[in-house]
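I have placed the structure first, in the form of structure tokens, so that the comments after it can refer back to it.
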Amino acid sequence: MVQSSVLGFPRIGANREVKKAVEAYWAGKISADDLTKAAAEVKKTSWTSIKAHGVDFVPSGEFSLYDHVLDHSAAFNVIPKRYVGLGLSPLDVYFAMGRGRQAEGVDVPASEMKKWFDSNYHFVVPEFSEQTDFKLNFNKAVEEFKEAKAVGVNTRPVVLGPVSFLALGKAAKEASPGFQSVSLLPKLLPIYHTLLADLKAAGADWVQVDEPVLVLDSAANLEKQFTTAYTELAPIAPKILLTTYFSRLDSNLAFVSKLPVAGLHIDLDRAPGQLQEVVDAIKNTDIILSLGLVSGRNIWKTDFSAAIKLAQVAVHALGPERVIVATSSSLLHTPVTLASENKLTAEQKDWFSFALEKAEEVAIIAAVLSGSQDPKVATALEANKVSIAKRRAFEANSDDTVRKRVAAITDDQLERKSPFAVRKEIQAKHLNLPKFPTTTIGSFPQTKEIRLARAKLGKGELTTEQYEEFIKKEIQSVVRFQEKIGIDLLVHGEPERNDMVQYFGEQLHGFVFTQNAWVQSYGSRYVRPPIIVSDVSRPGPMTVKWSSYAQSITQKPMKGMLTGPVTILNWSFPRADVSRELQSKQLALALRDEVIDLEKAGINAIQVDEPAIREGLPLRRADWDAYLKWAVDSFKLATAGVTDQLQTHSHFCYSDFDDIFPSIQRLDADVISIEASKSDMKLLNTFKHYGYSNQIGPGVYDIHSPRVPGEQEIKDRLKSMLDILPDSLLFVNPDCGLKTRGWKETEASLINLVNGAKWARQNY
Ligand code: GLN
Ligand code: ZN
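Using our numbering, the letters of the sequence shown correspond one by one to residues 1069 to 1832.
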């Protein structure tokens, strides 16, 4: 019998119950007990409904109130010193590590967060040093295994593997120079030993051990660690399913196939091409192969016949007893259920499959492969055939105008008329900005009033005219404020935008929106990505009205504000029937028209944000060049259609540029703003090292915290920046947009920022 499995499930609840409970707990409105109860309800619902769909392996232990990597750190006592001895309960220490804590005399910042591989999920980065004192504070895997058992579900617990846990962490401040986290493996393994032995004693037959770093090039250097770890753990543990996802094993397969594990999971959604070589490598072992056929990363219904065809390769070679049909990764990256969508048309609804529907998919595919005679299975198979055929027919409806335009893109369209040195002179005259121009990243505080007005518009309690009047007033006050404190290059503040991607998606053709398809981004922050379903085009201007209104009420130059093509693509659910490159280029053409329209409307500077360009980088280096080519080309296509006098800006939130620097230069934006306030000038040294030629606005203060930077602090910062960068290239701005901040700290911080720039003008 071919069995079925789900590797992990969303932990937010079908109605965002977990967010509500966690935030109520933070606000002191419910107790820790109430929070535990709310979480238990969500877990119970997930377990029982996955089981009810006929899935053989139901996951447990991967639920989280904040982040599963953070859970693991807390359980293993990997708790940075700054959170110890504050008199907090273990639960509050846990949340303090995730989000910082500023109350009752305690003031600790949050730990660093990083993107989880190439997804938009963020994990809390563990910190290791020689002093790390691993202890099993609690055995989450055992506790949740028992909790599930108590509600009648026998689960396969999920544990983050030892090598990935270490490799994903970073060296703590107190670590000696050159310290490598993986060197702690011998100290860590005894803890895993206890955890896994306890799990076996509790009756777990299998355990899913996630080692996602196995799909990275860097895992090639970890062969010894993997071999040691699994040789030691396998004999005392339940049967281990070694789990990889998001990319392919490639050359790491040579040692992975020799590990003494009972099962191996591979991602066939991202990397179907690896199936044959994996099958060949394990054929003469007893290893059971778990096939990640149902995507854990997208929301499209699985094409059963294609999945079955692929799975049969494994079934023929290994026999049905050695094959499991699974989701490609945890379903954490997908919304909970389609059942809560009642605004999608019946036709659209039939295209999609969210987490719960995907659970059913793995069960059906496994049943078909097992030769099930159940009429329900036959009906499901037939229904899938029909709906896939309908979707293929819809997908065949391409927009010829858009397709032809993409096919006709020329290299010329990617380049500005003159090189940066020439543009810089022209723009300096035209914009008449002082030395060290001050500007912001775009958004100003999204106040309660703004959100309320938008909600009222949605409910029909405000007319469009009333809402637009309201937005105009907001723009006026943001403009007046910037004039008053002496900002040089103004923004309109983005009050009309619900979200930097959704706002554009709603105005473009080719997108579909959901009501309830939330996905966790980090902690209690969930996003609701739009879905790209067909060719993208722009029926009309999207931002020109607001930007030109803002320009019309001031003498100072106004910066137009757009989200870039790669970011819109990355923060949406993309189509699976055409390449990301094609989708990105279509978005770029739509944005190019917008940029040109903005210039025609009298806007002289335009910022096109690309914070997601780095996160979209493929996991395997071999795939980088191809991605960077189309990603950078898309940005250039979007921005190069203007005259030399228009100053283009771009913004990146994350600042890991070392390895992709030439691509940042190739963007050829006149000005880029970057998050630099936390990176200790390391980043600016990178720019210097590579001789970056265009203008740069390294954030002079961190907007992710309500803290107001002092004037002296800003001057010091500018001073150290000017030690590295030439005077003529520096812009002065905050780190990122101000939408999540309050007005009070925004005012105080920006006044200090302007004073800092004035000081620099006098002293440099
Ligand atoms: N212009 C956007 C803002 O200011 C940029 C945000 C971002 O890059 N995350 O909010
Ligand atoms: Zn940003």
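Note that CB positions come from ideal geometry on N, CA and C, so glycine has one too.
What do you reckon, are the CB atoms on residue i and residue j nearer than 8 Å?
i       : j       : result
Ala1673 : Leu1797 : no
Phe1488 : Asp1736 : yes
Val1329 : Glu1429 : no
Asp1266 : Arg1688 : no
Met1629 : Gln1575 : no
Ile1877 : Ser1421 : Because the chain in this structure spans residues 1069 to 1832, residue 1877 falls outside the shown range and cannot be described.
Val1146 : Pro1194 : yes
Ile1308 : Gly1271 : no
Ser1741 : Trp1698 : no
Ile1819 : Ile1553 : yes
Phe1714 : Lys1627 : Position check: residue 1714 holds Leu in this sequence, whereas Phe was assumed. Not closer than 8 Å, so no.
Pro1127 : Val1210 : no
Ile1664 : Gly1709 : yes
Leu1317 : Ile1304 : no
Ile1858 : Ser1325 : Missing from the structure shown is residue 1858; the chain here goes from 1069 to 1832 and no further.
Gln1780 : Tyr1760 : no
Gly1122 : Ala1431 : yes
Assign residue i to one of three DSSP states: helix, strand, or coil.
i       : result
Gly1670 : coil
Arg1224 : strand
Ile1494 : helix
Phe1402 : In the sequence on display, residue 1402 carries Thr and not Phe. If DSSP states are grouped into helix, strand and coil, Thr1402 belongs with coil.
Gly1573 : helix
Gly1341 : helix
Ser1128 : strand
His1717 : strand
Thr1295 : helix
Phe1549 : helix
Trp1115 : helix
His1190 : strand
Ala1095 : coil
Thr1469 : helix
Asp1677 : strand
Phe1420 : strand
Phe1641 : strand
Arg1484 : coil
Glu1415 : helix
Asn1289 : helix
Gly1166 : helix
For the beta strand (DSSP E) containing residue i, list its first residue and its last residue.
i       : result
Lys1182 : 1181 to 1183
Ile1740 : 1739 to 1742
Ser1072 : 1071 to 1073
Leu1359 : 1356 to 1362
Leu1630 : 1627 to 1631
Gly1526 : Element bounds for Gly1526: not the beta strand (DSSP E) but the alpha helix (DSSP H), 1516 to 1527.
Asp1175 : 1174 to 1176
Arg1169 : 1169 to 1171
Tell me the DSSP bridge mates of residue i?
i       : result
Tyr1594 : Gln1588
Asp1308 : It should be noted that the sequence gives Ile, not Asp, for residue 1308. Val1275, per the DSSP bridge assignment.
Lys1238 : Glu1195
Pro1766 : Ile1742
Gly1561 : Ser1511
Ile1392 : Gln1071, Ser1358
Val1580 : Ile1599
Arg1800 : Checking the displayed sequence, the identity of residue 1800 turns out to be Val instead of Arg. Answer by DSSP bridge pairing, in chain order: Thr1506.
Trp1698 : According to DSSP, which records beta bridges pairwise, Trp1698 is partnered with nothing at all.
Trp1368 : Phe1420
Residue i lies in the alpha helix (DSSP H); which residues open and close that run?
i       : result
Met1610 : Unbroken run through Met1610: none, as it is neither H nor E.
Ile1334 : No alpha helix (DSSP H) contains Ile1334, which is instead part of the beta strand (DSSP E) from 1331 to 1335.
Phe1729 : 1729 to 1735
Gln1830 : 1811 to 1831
Ala1385 : 1372 to 1386
Arg1459 : 1443 to 1463
Gln1780 : 1779 to 1792
Leu1437 : 1423 to 1437
Pro1686 : Careful: Pro1686 lies outside any alpha helix (DSSP H) and carries neither H nor E.
Pro1258 : 1253 to 1269
Ala1708 : Careful: Ala1708 lies outside any alpha helix (DSSP H) and carries neither H nor E.
Between residue i and the ligand COA, is there a pair consisting of the residue's CB and a ligand heavy atom that are separated by less than 7 Å?
i       : result
Asp1691 : No copy of the ligand COA appears in this structure; the ligands present are the ligand GLN and the ligand ZN.
Against chain C, with Cβ distances strictly below 8 Å, would residue i count as a contact?
i       : result
Phe1512 : Here there is only one protein chain, and chain C is not present.
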